[in-house]
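Peer 1: Under our numbering, the very last position in the sequence shown is 151; numbers go up by exactly one each time. Note that the Cβ used here is the ideal one computed from N, Cα and C, for glycine as well.
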Amino acid sequence: MTTCTFAGHREVYQPMMDAKIEKAIRELLQTDSEFIFYTGGMGEFDSKCASAVRSAKRQYPHLKICLALVLPYMSNKLNTEKAYYEYYYDEIIIPEELCGVHYKAAIQKRNRWLVDRADCLIAYLFRDFGGAYETVKYAKKQGKPVINLAEQK
-1 MTTCTFAGHR
9 EVYQPMMDAK
19 IEKAIRELLQ
29 TDSEFIFYTG
39 GMGEFDSKCA
49 SAVRSAKRQY
59 PHLKICLALV
69 LPYMSNKLNT
79 EKAYYEYYYD
89 EIIIPEELCG
99 VHYKAAIQKR
109 NRWLVDRADC
119 LIAYLFRDFG
129 GAYETVKYAK
139 KQGKPVINLA
149 EQK
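#1: For A116, which beta-bridge partners are listed by DSSP?
#2: What is the rounded straight-line gap between the Cα of D44 and the Cα of R8?
#3: Quick check on DSSP: helix, strand or coil for I224?
#4: Starting from C97 and walking both ways along the beta strand (DSSP E), at which residues does that stretch end?
#5: Between I91 and the rest of its own chain, which residues show a CB-CB distance below 6 Å, the 5 nearest in sequence each way excluded?
#6: Which residue wins for smallest C-alpha separation from I19, given the options D30, C2, S31?
#7: Whole angstroms are fine: how far does the CA of I34 sit from the CA of A50?
#8: Could you give the distance in angstroms between the alpha-carbon of E32 and the alpha-carbon of P59?
#9: If we count Cβ pairs, one from each stretch, closer than 8 Å, do we get three or more for the segment 78 to 87 versus the segment 95 to 103?
#10: Taking only runs of the alpha helix (DSSP H) that begin and end inside the segment 5 to 81, which ones reach a length of at least 4 residues, in chain order?
#11: Distance, Cα to Cα, D126 vs K139?
#12: Identify whether I105 lies in helix, strand or coil by the three-state DSSP scheme.
#13: Based on the DSSP secondary-structure assignment, which residues constitute the bridge partners of A130?
#14: Would you list the residues sitting across from I91 in a DSSP beta bridge?
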């Protein structure tokens, strides 16, 4: 089983990002028959990645592909928009390790949780600051392969 997660800036400014994401996922799908894709569900890049995974599930029905939303803390949206979350995600996870963590620190801890469980990271990183930067830096420090789509033409 291969596990992949995503990290990127909240807004996507590069044209053709959807195609780049789809290509990266398609290439990864050639390596195994079972996959878990973890998304944090925050921002445009995460949304584009989740959409590409859902598309891949339709294109490759012979593969076992799971799209899991990993939240840093409980949110009322899970109750008020329950049908949406159940439709779009195969799993919704709130890591036990994050229970009781202050909400401002929970996102960074969640991002590290994602990296710790991933075999690889698909990123959209063009700035050297912010949450995506810290997540990619942590992934590299952990020896995880990082595919930075912002660097691809």
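Peer 2: On the basis of the data shown:
#1: Here A116 is not bridged, per DSSP, to any residue.
#2: Computed Cα separation, rounded: 8 Å.
#3: No answer is possible for residue 224: it lies beyond the span of the chain, which begins at -1 and ends at 151.
#4: That residue, C97, is in no beta strand (DSSP E); it is neither H nor E in DSSP.
#5: Excluding sequence neighbours, I91 sits near A66, V68.
#6: That would be C2, whose Cα lies nearest to the Cα of I19.
#7: Using only the alpha carbons, I get a separation of about 13 Å.
#8: When rounded, the distance between both Cα atoms is 11 Å.
#9: The segment 78 to 87 vs the segment 95 to 103: no contact.
#10: Taking only runs of at least 4 residues, the alpha helix (DSSP H) segments lying wholly in the segment 5 to 81 are 15 to 27, 42 to 57, 75 to 78.
#11: CA-CA distance, D126 to K139, rounds to 15 Å.
#12: Residue state, collapsed to three classes: helix.
#13: DSSP, once it has assigned bridges, lists no residue as partnering A130.
#14: Beta bridge pairing from DSSP links I91 with V68.
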